[in-house]
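Engineer: Let me give you the structure first, and then I'll get to my questions.
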Amino acid sequence: MYAGYSEARALIGEGATADLRRLSRQAQGMVAEMFASITVTGRDELEEAVAPAPSRPRVVQLRLSPELALWKSTQHAMGNVLPHKGKALRQASPQVLAQLGATDWPAALTTTNALFGGCMTNMLIGAADVRTMFSNYVTDMAVNYEYGYSHVFPTLHELVQDALADAHALGTPYGRERREAVDVGLPYIQDKIAMEVANKKHLKDRSAQMDRRAAQVIYLFDSSVLGIGAEAMARGFDTGAAMSDLVLSINSHDVIDVGSDLVNSEIMNSFLNVADIAASGVVSEPALRAIYDAYAATGARTFTQRWHEPSARMVDSEYGWHINNDRHMLFRRALLGWSKARKSPARPQREADFDEVFNADFRTTGFSRPLDPEYACDGEETCNHVRRFLLDHEDQLLDALWWTLVTGPLEYVRQGEVDEQREEDLAESLRLQLAQLFSKGLVVEMTWLLAHASHHAWQVNYLYEAAMFGSILDGGALTGKLDRAEEGEEPRKSTSADPGSIESWRIGGSGCSMISRPCPTPTWRYVSVRAFALSAWSAYHIRQAVPFM
1 MYAGYSEARA LIGEGATADL RRLSRQAQGM VAEMFASITV TGRDELEEAV APAPSRPRVV
61 QLRLSPELAL WKSTQHAMGN VLPHKGKALR QASPQVLAQL GATDWPAALT TTNALFGGCM
121 TNMLIGAADV RTMFSNYVTD MAVNYEYGYS HVFPTLHELV QDALADAHAL GTPYGRERRE
181 AVDVGLPYIQ DKIAMEVANK KHLKDRSAQM DRRAAQVIYL FDSSVLGIGA EAMARGFDTG
241 AAMSDLVLSI NSHDVIDVGS DLVNSEIMNS FLNVADIAAS GVVSEPALRA IYDAYAATGA
301 RTFTQRWHEP SARMVDSEYG WHINNDRHML FRRALLGWSK ARKSPARPQR EADFDEVFNA
361 DFRTTGFSRP LDPEYACDGE ETCNHVRRFL LDHEDQLLDA LWWTLVTGPL EYVRQGEVDE
421 QREEDLAESL RLQLAQLFSK GLVVEMTWLL AHASHHAWQV NYLYEAAMFG SILDGGALTG
481 KLDRAEEGEE PRKSTSADPG SIESWRIGGS GCSMISRPCP TPTWRYVSVR AFALSAWSAY
541 HIRQAVPFM
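Be aware that the sequence shown starts at 1, since it is given in UniProt numbering, and climbs by one per residue.
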């Protein structure tokens, strides 16, 4: 058990299924109350006078500060307009699918969004065996209900249900707890989606307002990856730290979506929900920076100290996911907002807990403490920790990974001109590198580099801050619409056809029926045994000569 994380630990209890059910009821009730507040106040004339500390969660009206509104209009006049968020439906390239042995998987599982979200997370975490890891990946596809996958891929629901009932995975240690947690979280996701659909025409410039406790409970379920946290907690990892990681996954997601979520149907953006903005009704640059620094502090120990734990590995992978999916356009957002991002690293780098950076009313406190010098780096583009890491490992693929995660993106963003092909080249390079590193069994190594690149994005090169401001330049094409695929939409051209039934698909080239039925042990092509031996479960106590490892 770690020092700190006290409020998260008190909220989550033991992290058992009963605790999650208790919190799920609370989260569902609070979100329903928020959407109901739109009707109570009047759908088209929501009050702009916002109480500083609401007694109950509700939806409030927001607007950009005059300064940010002027900057946005000026940038738009210059042609610097951010396209709307993508639908996350693009299929991975044949090269990536071949490297992972995923050519014959159902199309829902082979989008860049899914492969480098849930699939990569599970490859970093590991499992009892390959079959269980694949089954775990499919259970985590529940998050893609939020992207409208069920409208585009008719087999998604059946895939998820089969994975939840997978007898083999249920028989592995804590496989049952993991699947029970996913099952507990699904009604929250489905209810929230239904309320967004019903109210989508009335959510522009609106956001939820809540207190700190409510925020943590809601973000826990908004993460949609309860299974990862539940299994980690069942295995004995610190419950408070695990819950904090799931909450952090929301903050790491929302930081680049602030402006986009302001104009679409999303009321649950963890930046816009903070009282600094929600209580005043004004999205200002000082407020955004204060909230940014608060969330940056809450992630510092995850990325530098606890990077190897299961729930931390999920957040470690999120930076790469932003690059790899066809939804968030991290490089474009960072380029458009680069002028407003800080150009010098935080000195010293800071850390704190969620209940320290926010008061009970969910307002920033300004508090943080210096990160332990053992884990803080020198703030260079390729910092002292990374230089030592790469020198010790002497692997060109690891060198290339750092360049693709940090050096290459910074070169692109700094030059200031949009180049869609260069953005795609960087992303595809990263996809192939991650697949190749996994096939070589360098799971711990790639995890550490992803984690430290995430720390840099928050507190060293401020790519996340640049992307946050870049998101303000969203052109508003999704105003009054959902930021996801809707019923009747088609996926982007696939490189592997969806067979329409999971009866016949294969895992890594092995013929297999439904996950829950007996079949040959699935294998990832090219995968080494070491890739699983060095999973999060066994790597918990790994510390190499490098102090931060």
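Every residue, glycine too, gets a C-beta built ideally from N, C-alpha and C.
Write down the C-beta distance between LEU397 and LEU437 rounded to the nearest angstrom, noting that I regard them as a contact closer than 8 Å.
Structural biologist: Indeed, because the Cβ distance is near 6 Å, the residues count as touching under 8 Å.
Engineer: With H, G and I counted as helix, E and B as strand and the rest as coil, what does DSSP make of GLU380?
Structural biologist: Three-state DSSP puts GLU380 in coil, outside helix and strand.
Engineer: For the beta strand (DSSP E) containing ARG58, list its first residue and its last residue.
Structural biologist: 58 to 61 is the span of the beta strand (DSSP E), which, as asked, contains ARG58.
Engineer: Please state the DSSP three-state secondary structure of SER430.
Structural biologist: The identity of residue 430 in the sequence shown is Leu, whereas the question assumes Ser. Note: LEU430 maps to helix in three-state DSSP.
Engineer: Buried or exposed, going by whether 16 or more other CB atoms sit within 10 Å of the CB of SER73?
Structural biologist: Under this definition SER73 is an exposed residue.
Engineer: Take the Cβ of ASN264 as the centre, count every other Cβ of all protein chains shown within 10 Å, and call the residue buried at 16 or more, exposed below.
Structural biologist: Buried.
Engineer: With burial defined as no fewer than 16 other Cβ atoms inside 10 Å of the residue's Cβ, what is the status of THR365: buried or exposed?
Structural biologist: Counting Cβ neighbours within 10 Å, THR365 comes out exposed, since fewer than 16 surround it.
Engineer: What beta strand (DSSP E) runs, 3 residues minimum, are completely inside the segment 136 to 220?
Structural biologist: Fully enclosed beta strand (DSSP E) runs of 3 or longer: 206 to 209.
Engineer: Can you check DSSP and say which residues form a bridge with ASP474?
Structural biologist: BP columns for ASP474 point to LEU82.
Engineer: Comparing alpha-carbon positions, which option in PRO286, LYS340, LYS204 lies nearest PHE469?
Structural biologist: Answer by Cα proximity: LYS340.
Engineer: Under 7 Å Cβ to Cβ from GLY4, same chain only, skipping five residues before and after it: list those, please.
Structural biologist: The answer, listed in chain order, is ASP353.
Engineer: Using DSSP with H/G/I as helix, E/B as strand and the rest coil, what is PRO286?
Structural biologist: Here PRO286 sits in helix by DSSP.
Engineer: Counting along the chain, where does the alpha helix (DSSP H) carrying LEU100 start and finish?
Structural biologist: Run containing LEU100: 94 to 100, per the alpha helix (DSSP H) assignment.
Engineer: Quick check on GLU146: buried or exposed, where buried means 16 or more other Cβ atoms within 10 Å of its Cβ?
Structural biologist: Result: buried.
Engineer: Does GLN349 come out as helix, strand or coil in the three-state DSSP assignment?
Structural biologist: If DSSP states are grouped into helix, strand and coil, GLN349 belongs with coil.
Engineer: Assign ALA167 to buried or exposed, taking buried as 16 or more other Cβ atoms, counted over all protein chains shown, within 10 Å of its Cβ.
Structural biologist: Exposed, since its Cβ has fewer than 16 Cβ neighbours within 10 Å.
Engineer: Taking a contact to mean a Cβ-Cβ separation below 8 Å, would you say PHE358 touches ALA279 in this structure?
Structural biologist: No; because the gap between Cβ atoms is not below 8 Å, this pair is not in contact.
Engineer: From the DSSP output, read off the bridge partner residues of PHE358.
Structural biologist: Paired residue(s): THR364.
Engineer: Note down the Cα distance separating LEU220 from LEU109, rounded to an integer number of angstroms.
Structural biologist: Computed Cα separation, rounded: 24 Å.
Engineer: Would you report the Cα separation of PHE116 and ASP316, rounded to the nearest angstrom?
Structural biologist: Spanning the two alpha carbons is a distance of roughly 12 Å.
Engineer: Around the Cβ of GLU266, are there at least 16 other Cβ atoms within 10 angstroms (buried) or fewer (exposed)?
Structural biologist: Looking at its Cβ environment, which holds 16 or more other Cβ atoms inside 10 Å, GLU266 is buried.
Engineer: From ASP104 to MET268, what does the alpha carbon distance come to, in whole angstroms?
Structural biologist: If I take the Cα positions, the gap works out to 36 Å.
Engineer: Report the three-state DSSP secondary structure of PRO370 (helix, strand or coil).
Structural biologist: Looking at PRO370 - three-state DSSP - the assignment turns out to be strand.
Engineer: Measuring only the C-alpha atoms, how far is VAL96 from ARG213?
Structural biologist: Cα to Cα, the separation comes out at about 42 Å.
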